[in-house]
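Quick notes on the structure that follows.
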Amino acid sequence: MNDSSAGSLVTLAWSFGLMSLFAVGGANSAIPEIHRLAVDVNHWMSDKQFADVFAISQLSPGPNVLIVTLIGYQVAGIMGALVATLAMCGPTAVFAYYVSQLLARSGRAQWPGIVQAALVPLSIGLMSASGLVLLFASDTTWTAFLVTGSAAVLAFATRLNPLWLLVAGGLLGFAGIL
Amino acid sequence: MRPSSPQADASAAELASASPPGLLTLFVAFAKMSLAGFGGVLVWARRAIVEQHRWMTPEEFNETFALCHFLPGPNIVNLSVVFGSRFRGVPGAIAAFAGLLGPPVIIVTILAILYARFGDIEALRRTLAGVSCAAVGLLFAVIFRMMLPLLKKREPVSLALLIAVFVAVGVMRWPLPTVLLVSIPISIGLTMLMRRRAAA
Numbered sequence: 000m001n002d003s004s005a006g007s008l009v010t011l012a013w014s015f016g017l018m019s020l021f022a023v024g025g026a027n028s029a030i031p032e033i034h035r036l037a038v039d040v041n042h043w044m045s046d047k048q049f050a051d052v053f054a055i056s057q058l059s060p061g062p063n064v065l066i067v068t069l070i071g072y073q074v075a076g077i078m079g080a081l082v083a084t085l086a087m088c089g090p091t092a093v094f095a096y097y098v099s100q101l102l103a104r105s106g107r108a109q110w111p112g113i114v115q116a117a118l119v120p121l122s123i124g125l126m127s128a129s130g131l132v133l134l135f136a137s138d139t140t141w142t143a144f145l146v147t148g149s150a151a152v153l154a155f156a157t158r159l160n161p162l163w164l165l166v167a168g169g170l171l172g173f174a175g176i177l
Numbered sequence: 000m001r002p003s004s005p006q007a008d009a010s011a012a013e014l015a016s017a018s019p020p021g022l023l024t025l026f027v028a029f030a031k032m033s034l035a036g037f038g039g040v041l042v043w044a045r046r047a048i049v050e051q052h053r054w055m056t057p058e059e060f061n062e063t064f065a066l067c068h069f070l071p072g073p074n075i076v077n078l079s080v081v082f083g084s085r086f087r088g089v090p091g092a093i094a095a096f097a098g099l100l101g102p103p104v105i106i107v108t109i110l111a112i113l114y115a116r117f118g119d120i121e122a123l124r125r126t127l128a129g130v131s132c133a134a135v136g137l138l139f140a141v142i143f144r145m146m147l148p149l150l151k152k153r154e155p156v157s158l159a160l161l162i163a164v165f166v167a168v169g170v171m172r173w174p175l176p177t178v179l180l181v182s183i184p185i186s187i188g189l190t191m192l193m194r195r196r197a198a199a
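Protein chains in written order, with numbering that gives the first Met the number 0: chain A, 0 to 177; chain B, 0 to 199.
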């Protein structure tokens with residue numbers, strides 16, 4: 000038992016640590032990879048549970064990346080939550096520190112602009128993949144699709160606080176409409 | 000665009016702020032913006048750093064955020080580290096990082112405990128399902144907003160890369176590192192090629 004939980008801590012640290020270095024465009028870009036690891040590869044949770052932790056991470060304050068804290072807890076309790084969070088945020092934080100030092104020294108080099116422009120389409124592609132993966136995980140009925148569509152249109156076309164849209168979705172779900 | 004040599008940045012930072020923040024101030028400021036940030040901290044970070052504390056000018060904030068957006072990993076976490084280190088070196092980076100992540104991690108862990116205990120209750124399951132449907136909609140709105148400039152520019156190369164990555168990761172479900180190790184060099188190569196052609 001002890002061995003297996005130590006083993007899952009190592010798996011958490013390794014998986015999220017490696018993934019974070021490839022999370023181009025931030026936490027939302029990493030959703031497909033997080034889903035692949037948590038649901039398909041390691042069987043830590045079901046599709047429905049994944050949609051649930053995504054919902055909780057959107058409802059709670061703080062950066063969206065904290066979905067990994069919820070997954071870590073599911074896998075290995077409080078230690079799991081801490082290890083997953085640090086693995087997802089630590090390596091890139093160190094990387095960001097060194098790159099910013101380097102850029103401060105190199106002045107106005109050309110390559111940051113090129114890399115940045117090159118990463119834009121890739122990160123939007125990744126985020127679109129996140130949307131697709133989450134759509135399959137959470138929208139199982141036609142009314143659910145309708146709610147997702149309306150939320151998307153309202154969020155795009157109005158300046159409504161997103162929290163209200165989440166609350167509205169929750170109320171519709173609670174009422175058993177979905 | 001303003002020149003941004005380190006000296007120019009340092010003097011501009013002094014102009015933008017009366018006094019550089021101390022470690023505790025950094026911790027508290029990032030904890031506050033993090034706890035205020037439902038569904039994204041960026042808006043609050045800008046408000047606190049640029050408007051409230053005047054630690055950076057809007058241009059400096061945009062430049063710093065652009066850097067953090069092209070770095071891998073959670074953007075706002077990167078921002079906390081880059082910002083903290085700029086004023087107080089490594090200790091400042093750690094203070095901002097801990098302020099940003101510490102308090103919300105405690106809250107989310109409590110939510111995780113509650114979910115593990117009560118997640119099977121039918122009413123809660125239904126409610127969370129509704130929340131996640133709406134949250135997916137919000138994500139689509141963000142994606143569409145980011146995609147608009149690309150669609151307007153009608154750059155076939157960028158759109159092809161976008162679709163290729165979408166299919167590889169979203170439909171084929173290939174591992175992210177593999178996909179990026181192939182697509183990043185291709186994208187950088189094509190970007191350089193296009194810039195050279197545009198300049199010629």
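Positions of the beta carbon are idealized from the N, C-alpha and C atoms, including for glycine. A quick note: this is a predicted structure, and the numbers were derived from the prediction, not measured.
To which residues does DSSP link residue i through a beta bridge?
i, result
"Val-23 of chain A", "B:Pro-71"
"Pro-60 of chain A", "B:Phe-37"
Could you check if residue i is buried or exposed, using at least 16 other CB atoms within 10 Å of its CB as the buried criterion?
i, result
"Phe-117 of chain B", "exposed"
"Thr-177 of chain B", "exposed"
"Gln-48 of chain A", "buried"
"Met-171 of chain B", "exposed"
"Ile-77 of chain A", "exposed"
"Asn-27 of chain A", "buried"
"Pro-155 of chain B", "exposed"
"Ile-55 of chain A", "buried"
"Asn-74 of chain B", "buried"
"Ala-151 of chain A", "buried"
"Gln-73 of chain A", "buried"
"Leu-110 of chain B", "buried"
"Leu-125 of chain A", "buried"
"Leu-113 of chain B", "exposed"
"Gly-98 of chain B", "buried"
If you draw a straight line from the alpha carbon of residue i to that of residue j, how long is it in whole angstroms?
i, j, result
"Ala-95 of chain B", "Phe-26 of chain B", "5 Å"
"Lys-31 of chain B", "Arg-195 of chain B", "45 Å"
"Ala-28 of chain B", "Thr-63 of chain B", "17 Å"
"Ala-92 of chain B", "Thr-140 of chain A", "46 Å"
"Leu-127 of chain B", "Asn-63 of chain A", "16 Å"
"Val-40 of chain A", "Glu-32 of chain A", "10 Å"
"Glu-58 of chain B", "Ser-105 of chain A", "19 Å"
"Pro-194 of chain A", "Pro-19 of chain B", "Residue numbering for chain A in the displayed model covers 0 to 177; residue 194 of chain A lies beyond these limits and cannot be assessed."
"Gly-71 of chain A", "Leu-8 of chain A", "8 Å"
"Ser-29 of chain A", "Val-114 of chain A", "The question names Ser, but residue 29 of chain A is Ala in the sequence shown. Whole-angstrom Cα-Cα distance: 19 Å."
"Leu-134 of chain A", "Ser-4 of chain A", "31 Å"
"Val-76 of chain B", "Asp-138 of chain A", "30 Å"
"Arg-158 of chain A", "Ala-199 of chain B", "43 Å"
"Ala-163 of chain B", "Leu-131 of chain A", "14 Å"
Would you call the CB atoms of residue i and residue j closer than 8 Å?
i, j, result
"Leu-11 of chain A", "Gly-61 of chain A", "no"
"Pro-71 of chain B", "Ala-22 of chain A", "yes"
"Leu-16 of chain A", "Ala-86 of chain A", "It should be noted that the sequence gives Gly, not Leu, for residue 16 of chain A. Closer than 8 Å, so yes."
"Leu-171 of chain A", "Gly-129 of chain B", "yes"
"Leu-20 of chain A", "Pro-90 of chain A", "yes"
"Ala-50 of chain A", "Ala-117 of chain A", "no"
"Leu-149 of chain B", "Leu-138 of chain B", "no"
"Ser-127 of chain A", "Gly-169 of chain B", "yes"
Strictly under 8 Å for the Cβ-Cβ distance: is residue i near chain D by that measure?
i, result
"Thr-10 of chain A", "Looking for chain D here will not work: the only protein chains present are A and B."
message = Below 8 Å, how does it come out for the region 83 to 100 of chain A and the region 80 to 92 of chain B: are there three or more Cβ pairs, yes or no?
response = yes
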